[in-house]
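First residue of the sequence shown: 869, per this note's numbering; consecutive thereafter.
For every residue, glycine included, the Cβ atom is placed at its ideal position computed from N, Cα and C.
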Amino acid sequence: MDDFVLARAVHVIAVMLWVGGVAFVTLALMPVIRADQPPAARIPAFHAIERRFSAQAKFWVLLAGASGFWMVWRYDMWGRFAEPRSWWMHAMVGLWLVFMMMLFVLEPLVLHRAMAAPDPEARTFSRMERVHRILLALALLTLFGAVAGSHGMT
(Lines of atoms letter the chains of each structure in order from A and count residues from 1; the text may use other names and numbers.)
(Lines give C-alpha, C1' and ligand atoms only; values in the text may rest on other atoms or scores of the structure.)
Protein backbone atom coordinates (compact mmCIF):
# COMPACT_ATOMS: atom_id res chain seq x y z
CA MET A 1 0.00 0.00 0.00
CA ASP A 2 1.23 3.47 -0.90
CA ASP A 3 2.23 5.52 2.16
CA PHE A 4 0.07 8.45 1.04
CA VAL A 5 -2.99 6.20 0.74
CA LEU A 6 -2.36 4.90 4.26
CA ALA A 7 -1.89 8.43 5.63
CA ARG A 8 -5.05 9.64 3.90
CA ALA A 9 -7.05 6.70 5.27
CA VAL A 10 -5.76 7.39 8.80
CA HIS A 11 -6.55 11.09 8.34
CA VAL A 12 -10.10 10.46 7.13
CA ILE A 13 -10.83 8.02 9.96
CA ALA A 14 -9.42 10.43 12.56
CA VAL A 15 -11.47 13.34 11.20
CA MET A 16 -14.58 11.16 10.93
CA LEU A 17 -14.37 10.10 14.58
CA TRP A 18 -13.42 13.62 15.75
CA VAL A 19 -16.20 15.48 13.92
CA GLY A 20 -18.63 12.60 14.39
CA GLY A 21 -18.05 12.93 18.12
CA VAL A 22 -18.71 16.66 17.97
CA ALA A 23 -21.93 15.97 16.05
CA PHE A 24 -23.02 13.34 18.59
CA VAL A 25 -22.38 15.66 21.53
CA THR A 26 -24.05 18.63 19.79
CA LEU A 27 -27.06 16.95 18.20
CA ALA A 28 -27.80 14.06 20.57
CA LEU A 29 -26.17 14.37 23.98
CA MET A 30 -26.73 18.05 24.76
CA PRO A 31 -30.41 18.09 23.72
CA VAL A 32 -31.09 15.01 25.88
CA ILE A 33 -29.36 16.63 28.86
CA ARG A 34 -31.34 19.86 28.31
CA ALA A 35 -34.63 17.92 28.13
CA ASP A 36 -34.01 15.47 30.97
CA GLN A 37 -32.05 17.46 33.56
CA PRO A 38 -33.06 20.46 35.65
CA PRO A 39 -30.91 23.54 34.91
CA ALA A 40 -28.59 23.13 37.90
CA ALA A 41 -27.86 19.48 37.02
CA ARG A 42 -27.01 19.99 33.33
CA ILE A 43 -23.31 20.77 33.73
CA PRO A 44 -22.65 17.87 36.15
CA ALA A 45 -24.53 15.50 33.82
CA PHE A 46 -22.59 16.74 30.81
CA HIS A 47 -19.27 16.51 32.64
CA ALA A 48 -19.97 12.94 33.80
CA ILE A 49 -20.28 11.81 30.18
CA GLU A 50 -17.86 14.23 28.52
CA ARG A 51 -14.90 13.29 30.70
CA ARG A 52 -14.99 9.80 29.17
CA PHE A 53 -15.16 11.23 25.66
CA SER A 54 -12.49 13.91 26.15
CA ALA A 55 -9.49 11.55 25.91
CA GLN A 56 -10.86 10.08 22.68
CA ALA A 57 -11.43 13.53 21.20
CA LYS A 58 -7.87 14.56 22.08
CA PHE A 59 -6.47 11.42 20.46
CA TRP A 60 -8.44 11.85 17.21
CA VAL A 61 -7.60 15.57 16.95
CA LEU A 62 -3.89 14.84 17.48
CA LEU A 63 -3.97 12.00 14.93
CA ALA A 64 -5.79 14.15 12.36
CA GLY A 65 -3.22 16.92 12.78
CA ALA A 66 -0.24 14.57 12.62
CA SER A 67 -1.50 12.72 9.54
CA GLY A 68 -2.45 15.96 7.80
CA PHE A 69 0.92 17.55 8.50
CA TRP A 70 2.70 14.40 7.37
CA MET A 71 0.85 14.38 4.03
CA VAL A 72 1.66 18.04 3.40
CA TRP A 73 5.32 17.50 4.33
CA ARG A 74 5.78 14.15 2.54
CA TYR A 75 4.35 15.39 -0.76
CA ASP A 76 5.60 18.97 -0.42
CA MET A 77 2.13 20.50 -0.67
CA TRP A 78 3.09 23.76 1.06
CA GLY A 79 2.39 25.69 -2.14
CA ARG A 80 -1.31 24.90 -1.84
CA PHE A 81 -1.49 27.29 1.09
CA ALA A 82 -0.67 30.13 -1.34
CA GLU A 83 -3.48 29.20 -3.75
CA PRO A 84 -6.87 30.87 -3.11
CA ARG A 85 -8.67 27.83 -4.57
CA SER A 86 -7.18 25.75 -1.76
CA TRP A 87 -8.93 27.81 0.94
CA TRP A 88 -10.01 24.54 2.50
CA MET A 89 -6.38 23.79 3.46
CA HIS A 90 -6.41 26.93 5.61
CA ALA A 91 -9.83 25.97 6.96
CA MET A 92 -8.57 22.53 8.00
CA VAL A 93 -5.54 23.96 9.80
CA GLY A 94 -7.65 26.71 11.40
CA LEU A 95 -10.30 24.28 12.62
CA TRP A 96 -7.60 21.97 13.96
CA LEU A 97 -5.97 24.87 15.84
CA VAL A 98 -9.31 25.88 17.36
CA PHE A 99 -9.92 22.35 18.62
CA MET A 100 -6.35 22.03 19.90
CA MET A 101 -6.87 25.23 21.90
CA MET A 102 -10.26 24.05 23.16
CA LEU A 103 -9.12 20.57 24.19
CA PHE A 104 -5.61 21.22 25.47
CA VAL A 105 -5.74 24.81 26.77
CA LEU A 106 -9.24 26.14 27.41
CA GLU A 107 -10.82 22.92 28.68
CA PRO A 108 -8.28 22.24 31.42
CA LEU A 109 -7.65 25.88 32.37
CA VAL A 110 -11.03 27.55 31.95
CA LEU A 111 -13.88 25.15 31.26
CA HIS A 112 -13.28 22.86 34.22
CA ARG A 113 -13.44 25.86 36.55
CA ALA A 114 -16.60 27.15 34.88
CA MET A 115 -18.20 23.72 35.09
CA ALA A 116 -17.35 23.46 38.79
CA ALA A 117 -18.99 26.79 39.66
CA PRO A 118 -22.65 26.82 40.73
CA ASP A 119 -24.89 27.69 37.77
CA PRO A 120 -28.53 27.36 38.84
CA GLU A 121 -29.86 28.93 35.61
CA ALA A 122 -27.64 26.81 33.33
CA ARG A 123 -26.06 29.78 31.54
CA THR A 124 -22.77 27.90 31.17
CA PHE A 125 -24.55 24.94 29.57
CA SER A 126 -26.40 27.26 27.16
CA ARG A 127 -23.10 28.88 26.16
CA MET A 128 -21.54 25.45 25.67
CA GLU A 129 -24.43 24.40 23.42
CA ARG A 130 -24.02 27.55 21.33
CA VAL A 131 -20.25 27.02 20.99
CA HIS A 132 -20.77 23.36 20.03
CA ARG A 133 -23.26 24.35 17.31
CA ILE A 134 -20.86 26.94 15.90
CA LEU A 135 -17.94 24.49 15.97
CA LEU A 136 -20.01 21.78 14.29
CA ALA A 137 -21.11 24.19 11.54
CA LEU A 138 -17.49 25.25 10.94
CA ALA A 139 -16.38 21.62 10.90
CA LEU A 140 -19.04 20.65 8.36
CA LEU A 141 -18.20 23.60 6.12
CA THR A 142 -14.52 22.67 6.34
CA LEU A 143 -15.26 19.02 5.56
CA PHE A 144 -17.36 20.00 2.56
CA GLY A 145 -14.57 22.22 1.27
CA ALA A 146 -11.88 19.61 1.90
CA VAL A 147 -13.75 16.76 0.20
CA ALA A 148 -14.84 18.90 -2.75
CA GLY A 149 -11.48 20.65 -3.05
CA SER A 150 -9.42 17.48 -2.87
CA HIS A 151 -11.56 16.09 -5.69
CA GLY A 152 -11.02 19.03 -8.01
CA MET A 153 -13.79 21.50 -7.16
CA THR A 154 -12.46 25.06 -7.18
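Using CA atoms only, rank isn't needed, just tell me which of the options is closest to residue i.
i	options	result
E850	D871, L1009, A923 and S954	Shown here, the chain extends from 869 to 1022; a query on residue 850 therefore has no answer.
G888	L1008, M957 and A903	L1008
H980	A877, P906, A903 and P912	P912
A882	I901, R902, F927 and M957	F927
S935	L1011, L1006 and D871	D871
R876	R920, L1003 and L931	L931
R902	L1003, G1020 and S994	S994
P907	G962, A1005 and E989	E989
S954	V878, D904 and F1012	F1012
Can you grab the Cα-Cα spacing for the pair residue i / residue j, in whole Å?
i	j	result
R910	D987	9 Å
P952	A1016	14 Å
A944	E918	This sequence places Asp at residue 944; Ala is not what is there. Rounded to whole angstroms, D944 to E918 spans 38 Å at the Cα level.
R948	I1002	26 Å
M884	A985	33 Å
V873	V978	39 Å
Q905	L971	25 Å
G1020	W946	17 Å
S1018	H958	13 Å
V973	V900	27 Å
With a threshold of 6 Å on Cβ separation, who are the neighbours of residue i within its own chain once the five nearest residues in sequence on each side are excluded?
i	result
M898	E997
Are the Cβ atoms of residue i and residue j separated by less than 8 Å?
i	j	result
A950	W886	no
V929	M968	yes
W956	G933	no
Residues in the same chain with beta-carbon distance under 7 Å from residue i, minus the five sequence neighbours each way, listed in chain order, please.
i	result
M960	G936, T1010 and A1014
L1006	L963
H879	A932, S935, G936 and M939
Going along the chain, which residues of its own chain have a beta-carbon closer than 8 Å to the beta-carbon of residue i, five neighbours each way excluded?
i	result
L1004	V887, V890, A891, T894 and L895
F921	G889 and V893
V966	L1003 and L1006
So with Cβ pairs under 8 Å, would you call residue i a contact of chain B?
i	result
V893	Absence of chain B from the displayed structure is noted, only one protein chain being present.
| With contact counted as at least three CB pairs below 8 Å, one residue from each stretch, are the stretch 891-908 and the stretch 935-942 in contact? | By the C-beta criterion, the stretch 891-908 is judged not to be in contact with the stretch 935-942, since fewer than 3 inter-stretch pairs fall below 8 Å.
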